[in-house]
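J.: If you're matching them up, the sequences are chains Z and L in order. Just so we're aligned: the first sequence equals residues 6 to 404 in my numbering. Just so we're aligned: the second sequence equals residues 6 to 404 in my numbering. Ideal Cβ placement from N, Cα and C applies to all residues, glycine included. Since the structure is predicted, the reported quantities are computational estimates derived from the model, not experimental observations.
2 protein chains.
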Amino acid sequence: MDYRFADRMDNVRSSAIRDLLKYAEEPGIISFAGGFPAPELFPIEPLRAVFDRVLVDEGRAALQYSSTEGYLPLREKIAARMKRLNIDCNAGNVFMVHGGQQGLDFAGKLFINEGDTIICENPTFLGGIIAFGPYVPKYAGVPMDQDGMIMEELEKVLEANPKAKFIYTIPDFQNPTGVTLSLERRKRMVELANQYDMVIIEDSPYREVRYEGQHLPSIKSFDTKGLVVHIGTFSKILSPGMRLGWIVAEEALIQKFVTLKQSADTQTSTLIQRQVNKYLEMYDIDMHIEEIRKLYKKKKDLMLETIAKEFPEGFTYTNPQGGLFTWVEFPEGMDAAVVLKKAIAEEKVAFVPGAPFFPNGGHANHCRMNYSGVAEAQITEGVKRLGRILKTLRKKESW
Amino acid sequence: MDYRFADRMDNVRSSAIRDLLKYAEEPGIISFAGGFPAPELFPIEPLRAVFDRVLVDEGRAALQYSSTEGYLPLREKIAARMKRLNIDCNAGNVFMVHGGQQGLDFAGKLFINEGDTIICENPTFLGGIIAFGPYVPKYAGVPMDQDGMIMEELEKVLEANPKAKFIYTIPDFQNPTGVTLSLERRKRMVELANQYDMVIIEDSPYREVRYEGQHLPSIKSFDTKGLVVHIGTFSKILSPGMRLGWIVAEEALIQKFVTLKQSADTQTSTLIQRQVNKYLEMYDIDMHIEEIRKLYKKKKDLMLETIAKEFPEGFTYTNPQGGLFTWVEFPEGMDAAVVLKKAIAEEKVAFVPGAPFFPNGGHANHCRMNYSGVAEAQITEGVKRLGRILKTLRKKESW
């Protein structure tokens, strides 16, 4: 059947990462390709108590339709947490979504007309590119260094694209690079946004998973004109399988998100919202996050030490202070996608090639490696395997 | 702040129903406005056992990311159920979504270019109009009678709109009218669709909640060219607060839905999918549905009997064989939105005025009344109150 799809579908592509996960599930493969939290830390015993209490105390309400904005006691708790994280807001500024990805979809739906420009880090989160795709934007990528997006470069891009729809940024332990935007640059980004009345989409899923260095105020905390939309999630601090995230924004924007939510899926799961709310009441999530931090630091250190030992010369990689990923730069001309095929076939090890993270292409000599979701013994073994294939390939292909 | 929204937002409106629910929550109000399942039937005790077993048996997997298509054992069970309901399909044709509403959003996103025509029943489900809104379609409404969409009228509309993108239909106990499409017309609709290679979106949330008459095969069961997209949900047979539904379609379409799902929210909640899957393994959902049927029939009969007794002359209403709603036609010229305001203010009773269900406007002399979510004593009392206000208004306004 020749279906007559909407034109936007020409711009919709499958996630290279999720497609890769198929290989990653083959037996014997060690995969650094995912972005999975460590399953060994999921608080299963606490959640047994929580799920039961929800059904006993409020079963009927928990299984019924509820408001599109989200469950008020949960929104209040998130607002209180946001305040602690320097964002001045109340429950009316908090809107519940089915994971941070839905926040990105709504940002695209709310702002992007076909052909509009989006300003983003180069590289940027693949899920952002995928979320915005159906609304058919163009991208103006801003180069980064070890302190995140370079503000002089952003200035140039803004000058060239004053009517761009928003700046999309992942300021904390960016996906894919692991790099964090410095304090000075956060302030400067808001100044520049104010100058152009430019919305900033601050996507911050890893914010609380910092295991080194000093906590930095969010970009939203410097917002004076209601331009910053902050997206948070429980995926990395509790469970990604639940699919629960939130948007913090001006009420005028929240009202728009409400109408988009009604269109998209009516409301976020009442049950999941009440389960998470009850967990926050019965347990100390900060103690849980502390455990995550400790384990991820250990895994990150192990991965970086093993890379230092096992990779040949000419490869550089970032040293993230938090989050889930390190970003490896291969020697110029070495195509990570080609390496991946051989790595899977010959050494049963997988990662994500970097090219899909660059919205306008190029930069094939990069890869993203996840440590959070991989067991420690597998990190050592997987990096060794990867080191072997990289050494062989460098020789053979004279990369 | 003057935000520069996308043009599509001009076409996005809030759900009149969900906005009304705010009033409906005021103390003392009896509301027939919602579309809520009966909370007294939610299987809370079984779910306590189910939720615990999921965490004990498969906690790590249940809290982790999983495939975009959905949880395979659940998709297999749904495929088996669909077969029993005359649809020949396998797990590869079943795709999990966050409620039926998300199926509608994806249908809009997949097919509609701005200005494309959608053919639908007149009136049609408000949630459909809201889902398609962001993709800015036009509507060609097809008149209905007691057997649903009139096929001679559909023929005319197809002839006038051969390039329409799809026929959107709710064949079973339609929302808002409660009317069911007859067997002959189901077959005829597929013949006509085949003639025009026209996709049919078969939205069937109430299908299994039939309490009278004979079960009819779904439109999808007559599909020979892969043109029918069938949307189902657990909202009316288990819990709407969970937000779990499914799409049944050709694999070529499922692949497109997968890419849209990745954009929209990555995947449907792993936890909810595994909870529902475990419920289907541990308990007999058909016995549960049987209870729903019995109670809804009782409530429907009570509502219709009370209307017959309490409403003044000149009002007609449908007698649905299943589902959640009856549809009342007021005398010509009587505006249900005006009645609603007075009904809330003077008698503390609410319903949904019919006009928003007509995509091209008009027909203000209708209202939709829900019985499933209202306790029996409240049905009697609420209909009495509504009868009083209708009698007063008919006299005063000489409607």
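Tell me whether the stretch 373-383 of chain L and the stretch 314-332 of chain L touch, counting them as touching only if at least three CB pairs, one residue from each stretch, are closer than 8 Å.
T.: Yes, the stretch 373-383 of chain L is in contact with the stretch 314-332 of chain L.
J.: Under 7 Å, CB to CB, which of the residues in the stretch 237-248 of chain L have a partner in chain Z?
T.: Here the close residues are S244, P245, G246, M247 and R248.
J.: Could you tell me whether the stretch 378-393 of chain L touches the stretch 309-323 of chain L, using the rule of 3 or more Cβ pairs below 8 Å?
T.: The stretch 378-393 of chain L is in contact with the stretch 309-323 of chain L.
J.: Just verifying my parser: in three-state terms, what is the DSSP assignment at Y144 (chain Z)?
T.: Strand.
J.: Rounded to a whole number of angstroms, what is the C-alpha to C-alpha distance between K2 (chain Z) and S36 (chain Z)?
T.: One cannot answer for residue 2 (chain Z) here, as it falls past the ends of chain Z, which runs 6 to 404.
J.: Closer than 8 Å, CB to CB, is R212 (chain L) near chain Z or not?
T.: It does not: the Cβ of R212 (chain L) has no partner Cβ on chain Z nearer than 8 Å.
J.: Just the chain Z side, please: which residues come within less than 9 Å of D284 (chain L) by C-beta, in chain order?
T.: Checking the sequence, you will find Tyr at residue 284 (chain L) rather than Asp. Per Cβ cutoff of 9 Å: no residues; Y284 (chain L) is ~12 Å from chain Z at best.
J.: Could you please give the first and the last residue of the uninterrupted beta strand (DSSP E) stretch that includes F330 (chain Z)?
T.: It spans F330 to E334 - the beta strand (DSSP E) in which F330 (chain Z) sits, taken as one unbroken run.
J.: Would you say Y8 (chain Z) faces chain L, with C-beta separation under 8 Å as the test?
T.: With 8 Å as the cut-off, Y8 (chain Z) counts as an interface residue toward chain L.
J.: Per the DSSP calculation, C94 (chain L) is bridged to which residue(s)?
T.: Note: C94 (chain L) sits in no beta bridge, so no partner.
J.: Using the beta-carbon count (16 or more within 10 Å), is E318 (chain L) buried or exposed?
T.: With fewer than 16 Cβ atoms within 10 Å of its Cβ, E318 (chain L) is classed as exposed.
J.: Starting from the Cα of L265 (chain Z), find the closest Cα among L:Q107, L:V147, L:H368 and L:M6 and give me that residue.
T.: Residue L:Q107 is the option with its Cα nearest to L265 (chain Z).
J.: Which residues in the same chain have their Cβ closer than 6 Å to the Cβ of K353 (chain L), if we skip the five residues on either side of it in sequence?
T.: The residues are G33 and I34.
J.: Are any of the Cβ atoms in chain Z nearer than 8 Å to that of L92 (chain L)?
T.: Checking the sequence shown, residue 92 (chain L) turns out to be Ile, not Leu. I92 (chain L) does not count as touching chain Z.
J.: Count the other CB atoms, across all protein chains shown, that sit within 10 Å of the CB of P167 (chain L); report buried if there are 16 or more and exposed otherwise.
T.: By the neighbour-count rule (16 or more Cβ atoms within 10 Å), P167 (chain L) is not buried but exposed.
J.: CB L197 (chain L) to CB L163 (chain L), shorter than 8 Å?
T.: Yes. Within cutoff.
J.: Check whether the Cβ of T275 (chain L) lies closer than 8 Å to any Cβ atom in chain Z.
T.: For T275 (chain L), the answer is yes, since a Cβ of chain Z falls inside 8 Å of its Cβ.
J.: Please tell me whether N199 (chain L) has its Cβ less than 8 Å away from any Cβ of chain Z.
T.: So no, N199 (chain L) is outside the interface.
J.: Answer yes or no: does any C-beta atom of chain Z fall closer than 8 Å to that of M308 (chain L)?
T.: M308 (chain L) does not count as touching chain Z.
J.: Rounded to a whole number of angstroms, what is the C-alpha to C-alpha distance between E259 (chain Z) and V102 (chain Z)?
T.: The sequence as given places Ile at residue 259 (chain Z); Glu does not occur at that position. So the two alpha carbons sit approximately 12 Å from each other.
J.: Verify whether the separation of the beta carbon atoms of I252 (chain L) and I277 (chain Z) is less than 8 Å.
T.: Going by C-beta atoms, I252 (chain L) is not nearer than 8 Å to I277 (chain Z).
J.: Look at F356 (chain Z) and P128 (chain Z) and say whether their C-beta atoms are less than 8 Å apart.
T.: Against a cut-off of 8 Å, the Cβ pair of P128 (chain Z) and F356 (chain Z) comes out as no contact.
J.: Would you mind working out which of L:S19, L:Y140 and L:P48 sits nearest S240 (chain L), comparing C-alpha positions?
T.: Nearest of L:S19, L:Y140 and L:P48 to S240 (chain L), Cα basis: L:P48.
J.: Quick one: list the residues of chain L neighbouring I135 (chain Z), beta-carbon separation under 7 Å, in chain order.
T.: Per Cβ cutoff of 7 Å: Q267 and S268.
J.: Alpha carbon to alpha carbon, how far is R193 (chain L) from P148 (chain L)?
T.: Distance between the alpha carbons of R193 (chain L) and P148 (chain L): 16 Å.
J.: Which residues in the same chain as A54 (chain Z) place their Cβ atom closer than 8 Å to its Cβ, once the five residues preceding and following it in sequence are excluded?
T.: For A54 (chain Z), where only same-chain residues beyond five positions count, the Cβ hits under 8 Å are M287.
J.: Say whether chain Z places a C-beta atom closer than 8 Å to the C-beta of Y70 (chain L).
T.: Interface residue, yes.
J.: Rounding to the nearest angstrom, what Cα-Cα distance links D110 (chain L) and L391 (chain Z) in this structure?
T.: C-alpha separation (whole angstroms): 42 Å.
J.: Using alpha carbons as the reference points, say which of L:R86, L:G237 and L:K261 lies closest to D15 (chain Z).
T.: Measuring from the Cα of D15 (chain Z), the nearest candidate turns out to be L:K261.
J.: Counting C-beta neighbours from all protein chains within 10 Å, is the total for E126 (chain L) 16 or more, i.e. buried, or is it exposed?
T.: Buried, since its Cβ has 16 or more Cβ neighbours within 10 Å.
J.: In angstroms with no decimal places, state the Cα-to-Cα distance between A11 (chain L) and G146 (chain Z).
T.: Rounded to whole angstroms, A11 (chain L) to G146 (chain Z) spans 21 Å at the Cα level.
J.: Tell me whether the beta-carbon of D228 (chain L) lies closer than 8 Å to the beta-carbon of G105 (chain L).
T.: No, the pair does not count as a contact, with Cβ atoms beyond the cut-off.
J.: Is it buried or exposed, V281 (chain Z), if we count other Cβ atoms within 10 angstroms and call 16 or more buried?
T.: V281 (chain Z) is buried by the Cβ-count criterion.
J.: Would a check of beta-carbon distances place P44 (chain L) closer than 8 Å to chain Z?
T.: Yes, contact with chain Z.
J.: To the nearest angstrom, how far is it from the Cα of V195 (chain Z) to the Cα of H220 (chain Z)?
T.: Answer to the nearest angstrom: the Cα atoms are 18 Å apart.
J.: Determine whether the beta carbon atoms of I206 (chain L) and A112 (chain L) lie at a separation below 8 Å.
T.: Their beta carbons are under 8 Å apart, which means I206 (chain L) touches A112 (chain L) by this criterion.
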